[in-house]
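Chains as they are written, first to last, in the UniProt record's numbering: chain A, 1 to 396; chain B, 1 to 396; chain C, 1 to 396; chain D, 1 to 396.
Note that CB positions come from ideal geometry on N, CA and C, so glycine has one too.
Reading through the structure tokens given below for one structure.
Protein chains: 4
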Amino acid sequence: MQRIAMLGSGFIGRFYADSLQGQRSRDKIVSIYSRREESAKKFAEDYQVDHWTTDMETSIAHPDVTVVCISLPNNLHEAAVNLCCKHKKAVICTKPLGRNAEEAKRMLEAVEKAGIFHGYLEDLVYTPKFLKALQSVKSGALGRILWAKSRETHPGPHSEWFWDKEQAGGGCILDLGCHCVEIARSFIGKDIKPVEVMCWADTQVKPIDAEDHAIGLVKYENGAIGQFEVSWTFRGGLDLRDEVMGSEGTIWLNSFLRTGFDMFTTGKGAEYVAEKAESNTGWLFPVGDELNELGYNHMFADMFRAMEEGREPAESFYDGYVVNAVLDAAYRSAASKQWEPVKLDVWRGQEGVEKMRPQTDYNEQYYLIKEETTHYGAKKLILKDKKTGQIVEQTI
Amino acid sequence: MQRIAMLGSGFIGRFYADSLQGQRSRDKIVSIYSRREESAKKFAEDYQVDHWTTDMETSIAHPDVTVVCISLPNNLHEAAVNLCCKHKKAVICTKPLGRNAEEAKRMLEAVEKAGIFHGYLEDLVYTPKFLKALQSVKSGALGRILWAKSRETHPGPHSEWFWDKEQAGGGCILDLGCHCVEIARSFIGKDIKPVEVMCWADTQVKPIDAEDHAIGLVKYENGAIGQFEVSWTFRGGLDLRDEVMGSEGTIWLNSFLRTGFDMFTTGKGAEYVAEKAESNTGWLFPVGDELNELGYNHMFADMFRAMEEGREPAESFYDGYVVNAVLDAAYRSAASKQWEPVKLDVWRGQEGVEKMRPQTDYNEQYYLIKEETTHYGAKKLILKDKKTGQIVEQTI
Amino acid sequence: MQRIAMLGSGFIGRFYADSLQGQRSRDKIVSIYSRREESAKKFAEDYQVDHWTTDMETSIAHPDVTVVCISLPNNLHEAAVNLCCKHKKAVICTKPLGRNAEEAKRMLEAVEKAGIFHGYLEDLVYTPKFLKALQSVKSGALGRILWAKSRETHPGPHSEWFWDKEQAGGGCILDLGCHCVEIARSFIGKDIKPVEVMCWADTQVKPIDAEDHAIGLVKYENGAIGQFEVSWTFRGGLDLRDEVMGSEGTIWLNSFLRTGFDMFTTGKGAEYVAEKAESNTGWLFPVGDELNELGYNHMFADMFRAMEEGREPAESFYDGYVVNAVLDAAYRSAASKQWEPVKLDVWRGQEGVEKMRPQTDYNEQYYLIKEETTHYGAKKLILKDKKTGQIVEQTI
Amino acid sequence: MQRIAMLGSGFIGRFYADSLQGQRSRDKIVSIYSRREESAKKFAEDYQVDHWTTDMETSIAHPDVTVVCISLPNNLHEAAVNLCCKHKKAVICTKPLGRNAEEAKRMLEAVEKAGIFHGYLEDLVYTPKFLKALQSVKSGALGRILWAKSRETHPGPHSEWFWDKEQAGGGCILDLGCHCVEIARSFIGKDIKPVEVMCWADTQVKPIDAEDHAIGLVKYENGAIGQFEVSWTFRGGLDLRDEVMGSEGTIWLNSFLRTGFDMFTTGKGAEYVAEKAESNTGWLFPVGDELNELGYNHMFADMFRAMEEGREPAESFYDGYVVNAVLDAAYRSAASKQWEPVKLDVWRGQEGVEKMRPQTDYNEQYYLIKEETTHYGAKKLILKDKKTGQIVEQTI
């Protein structure tokens, strides 16, 4: 059983609390910190939390607390982490870890120096679909991974601090891209180094300083490509999709807008407000159980089991740092209009991995380009002569 | 915290155990009974259960046990229930409750007489999708419910006892129809009386005595229609779909074969065995988290919270009895080739509900049949004269 | 090249005309008959038709006309057919052929006696999806066909005569069921006799005399089951889906509401009116090319090629008659609440087909019930002893 | 009626012929040219073509011919076009127009100088889904178009010349990217100038010189972004999807692998070979009518109607040239790793279009960032102060 200090009582803190104390959970939030007294009290009441405070350190230092959960705006993560280090409390932190790699690196070094447990709350690599997909990828069902794309777009975040570049550290790249980068990285292999990034970003719709739409490519040392598509300008709800291409297979995941739940309502029946939907009449696509579909349940289970078993969780501050480093390169690329190198002072994966080689031997003379069944049912081979480079067809 | 005696170590017992002890659950299986010593031991080992036995009563009577979970073939439910009554242990029983309504009624009367907690483990009315859909239906988003269909078909069950009519009590109607009937009944309203059933059943493919394919219609007192489509001969995996039509809306649920997870594999990458799939190459449609998608997690949470709060769970032995009574009528109808009445000695819902009336007033003279936008953008009304019955068009 | 007399200038006549004169067609409508002069003129103008009239016989007898296309309300089909017989003009007639089998039989006998070409315009067995699916079924890809369901539901027809039982001859069973019956019959085999029908029908929503919702089962001589689900009370658009189960495979067709075209609009951009959709904001599901998706193009191509090649089209008045006979049985069953025999005075398919036999030999001692891969990867057989009937499991 | 000389008897020539002479078409292929006599004869026989030849000029110059259809490898387009100019024959040419913009420009200048009709056979902007989607976009249903992506990936082409860089002029960028660029350009507006391109390309799987996988971004003068995703390494069939994001809406088109036709077959029923599918057992996703779904029917109808009406077709050599210019920039960018300008010597659209401005006025003091319904049903505004830039929340 874990006893949690929750820092932050906003949208994400409440989502986390619903998961942490949901169903038959043995874990319990024992202290809630919020900047506003009213919010702290309300949260304490809603979630039956014994202790509430507007002083962050009091919450962290509370003797009942075994683990601190940071659900604060991005600019407050580092201070909270440092207090956890001071009080030697295990810490789990929402995404993104830092506003940039420098911040993230300082947090990583702090928790490692303090010797405390640290987990990075990247929920989207814990969704049930993702976990099963990753298992298939790791078992080789897709062959070599060539490309992994993750897309997260919606009509914009719900709290004002997201829209303020100073507090948030950036726009949709930082807010949503952190998910996408870690999803693609996981499929490609977390021990494969991301080497450079190309990114387009613009402010197309919203009257803000930060970007509200961006697309990026992340090149890995083995030649695989990660892709992110992020936006705060998408109309129609929350679009959350991943695609993976391997030399032997394909995976398509749709985690929100098309999950096998279709509903039409004229709206005459009754007032119905669908969560996160942009309308409440016509065709709607609800998600059965958001907490589970978004990975919260499996994420906290891994975090707390890892603590109890004395092992690292699947996502630690180190992963948060790598993600920040990739996103930093994305921002530099959006500005320079060139591929920008990923700067990783700390790298714990493989070094010097060779680029995947495409050649497929058919026999001594030929490489195999393609095997095909023609219109007329015959089998045809397209081959390339190893010496001359000539391409020929053979019907067999 | 609940301490469970699990009766039965087969496929369904293991599924239940995965849910009961999954993630951060506070509950624990403390005793396992199996008819075969080898199975009991293996289960105890796999799930870290302290006590195992081949004597059912020993398990039920075990002093640590607070609730008994029956995961046995259908013909053994009643004996197990009676032992729970004898030892005054709370009992939750897998579906269907009885092999027929007579058996189910005896079980219902026994637990009520003994005054023990009783829950009916109809998982498919606890799936996240179903729960959210039901909430929409209850809020009125679909208007009056006209028709609710549930379909469960797959290539046939995994254990030999299902195929033996004596042990199972029937074929796919009993095995799968019990789910479908309760799903439709829940959408239509559990207090609305099912009055008669029309059913076709046949043994089209399998060399067995029981039916392997059936379709049934269940008429409710208010004129709504429930429909079940069940089969052990379906090819392509597990097809689990519900459809609801209301006067103001529609719901379509797909709980298995199309849930937003598509995967293609040539099979060259690696050996990959997909659960319940009929092939392991080509396009596959895995489900992210079966335990959650099939409703086990939400079902046990409701059961145990109900026990702890001293209330009835959403599904009790009474519901299991009603379902058995509907299925009995289905079997009679398949034989008589007529609509057969549902015989309900025990009925606790509404009595004498009137049939829904279709009339929609337009004004003093007319009923409104339809409002339409034509090819040319004009608005057209189709009306029926209240007195003459004549049908006219008006363009407005 | 064919020169067509179009009888009827309403919704379906216009749809037909769009197809007949669409794209690069060599065919041409040369005469239009409508009961109302205004409509005839408007149609002639819209489709560049040289001759218009309010006298049906004038149109049919027009010397330029090579084929007559009947697009009239159901109660006017027979008179039009008889005039075609009188003037020895080839005739193609919209669905359903008659208001009942008696009418249909008279029309069949009339055209055969007159020796004229006759085609039954059942477009939904000419949709591109259906045609390809049928080809797969005929090639054996699904094994023996066990069950074929067709569903057509929408919020009700657009013209007033459909709602009037005298003119239409019935409600949604006749209007929509005629499609569904012929679809299922085609998959099961048009030479297999439909023997009896069970049907539920009710008037649940609309203030009309005819049924607005019905479900029926059609039993074929070989034991296969056809199913129709029809309604004028469905909310959400036009739901057009077929499902086929065979001993070796499955086919699912969705011809309208989910065809790979998803659109969301806030409605702020512009006024947009989607055809047949129930709303013009939110998520909409347009169909790319209705004429093609609904089978009109392939239907007329088959009709006219058949005329030119001197062969029968895929759908003749004989098929229309069989469909009417099945629907008559459905109406009788809805009234009698029993399975009702299909009365077929004229039957040109196979006679005395045996019911499919389910037994599958495994070896001399056993039938094979199922082959299964277990949780632990082992292969398991479920077998039935041919003599004792005992069911056993064998792991191999 | 058009009388066509078909140049080329390969895969694409046959597809074209099936469309040109399909259904009730009034048009006819009157001459076939192929480099190999055997192929010319076979084609003439299969499509009832009166004249065949292995001399290209003979075919073009044939007196019966009213229009020449070029279905040859990319490196032979220019020579064929020049012969059409010489003989003043209308010409329609398969995609891409040239191997690069220089070639395309010469062809454009040649046909304009000769004053002959010229059409660019970009079928994918003529698919029924695309046409209806474009109509919605043009009517404003999506507001301002922000981003349009087109994806075409499959396991590689069927003829050997595609794989040879000299004949093809490039790899999958040229082969598939030409479709994607024109699709995105059409949604964004064909009069909006494409200004620069960023592209990643690699040879990840195939033993060839050209790229087998590429992703590109095309920036338009108004700030909109086009995106293409192309590959010859995709596993699972032909993936053909478009996505459009506008300020007021979204469109998703799936033209091949998910169009409402799902089929499962064990393969035991019969040998079934699915076109372009990668397997013939398991779940398959056929397309009903490829000719129609891929846009051939609507494309040829537009081309020939345009000729007959003396107007330009929707796609002319000018469009082919613009596409080549964009693809040239993509190749330069893949090499330079920077955004590369699109070089358009000939540009006939708008000049100096301003970038879309994101600001949305709420009132005199504020811009509106977002309107939101909160967890608790209240309406919340996120606003930005026009002067201070401060972001605030207001609950209304």
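For chain A, is any of its Cβ atoms less than 7 angstroms away from the one on residue i?
| i | result |
| --- | --- |
| R26(B) | yes |
| R151(D) | no |
| H62(D) | no |
Under a CB-based cut-off of 7 angstroms, is residue i close to chain C?
| i | result |
| --- | --- |
| R185(A) | no |
| F264(A) | yes |
Does residue i get closer than 7 angstroms to chain B when you measure Cβ to Cβ?
| i | result |
| --- | --- |
| I251(A) | yes |
| W339(C) | yes |
| E309(A) | no |
| P286(A) | yes |
| A274(D) | Confidence at A274(D) is low in this model, with a pLDDT of 47, below 50, so the placement of that residue should be treated as unreliable; the coordinate-derived value is given next. Not an interface residue. |
So, with DSSP's three-state summary, where would you put residue i?
| i | result |
| --- | --- |
| F261(B) | strand |
| D209(A) | coil |
| Y296(B) | helix |
| K42(D) | helix |
| T58(B) | helix |
| L20(B) | helix |
Strictly under 7 angstroms for the Cβ-Cβ distance: is residue i near chain D by that measure?
| i | result |
| --- | --- |
| R305(B) | no |
| P73(C) | no |
| G236(B) | yes |
| D175(A) | no |
| R3(C) | no |
Run through chain G and tell me which residues come within less than 7 angstroms of residue i, C-beta to C-beta.
| i | result |
| --- | --- |
| S279(A) | Note that chain G does not occur in the displayed structure, where the protein chains are A, B, C and D. |
Could you check which residue in the options has the C-alpha nearest to that of residue i?
| i | options | result |
| --- | --- | --- |
| G10(A) | E160(A), L381(A), P194(A), L142(A) | E160(A) |
| S139(D) | W147(D), G249(D), A5(D), F43(D) | G249(D) |
| E229(C) | I173(C), V195(C), V125(C) | I173(C) |
| L131(A) | K95(A), A184(A), R151(A) | A184(A) |
| T127(C) | L383(C), S279(C), N254(C), G260(C) | N254(C) |
| E36(A) | G8(A), V205(A), I369(A) | Per the sequence presented here, residue 36(A) reads as Arg, with Glu not at that position. Closest by alpha carbon: G8(A). |
Using 10 angstroms around the beta-carbon of residue i, count the other beta-carbons present and answer buried if the total reaches 16, otherwise exposed.
| i | result |
| --- | --- |
| K379(C) | exposed |
| D123(A) | buried |
| M1(D) | exposed |
| R348(D) | exposed |
| R357(A) | exposed |
| A5(B) | buried |
Cβ-heavy atom distance between residue i and the ligand ADP below 6 angstroms?
| i | result |
| --- | --- |
| C199(D) | Within the structure as shown, the ligand ADP is missing, as the structure has no ligands at all. |
Could you pull the DSSP bridge partners for residue i from this structure?
| i | result |
| --- | --- |
| E309(D) | For E309(D), which the question treats as bridged, DSSP gives no partner whatsoever. |
| H118(C) | V91(C) |
| W147(C) | I225(C), M245(C) |
| C199(C) | G216(C) |
| C69(D) | M6(D), I92(D) |
| I32(A) | M6(A), W52(A) |
| E78(D) | Answer is none; E78(D) lacks a bridge partner. |
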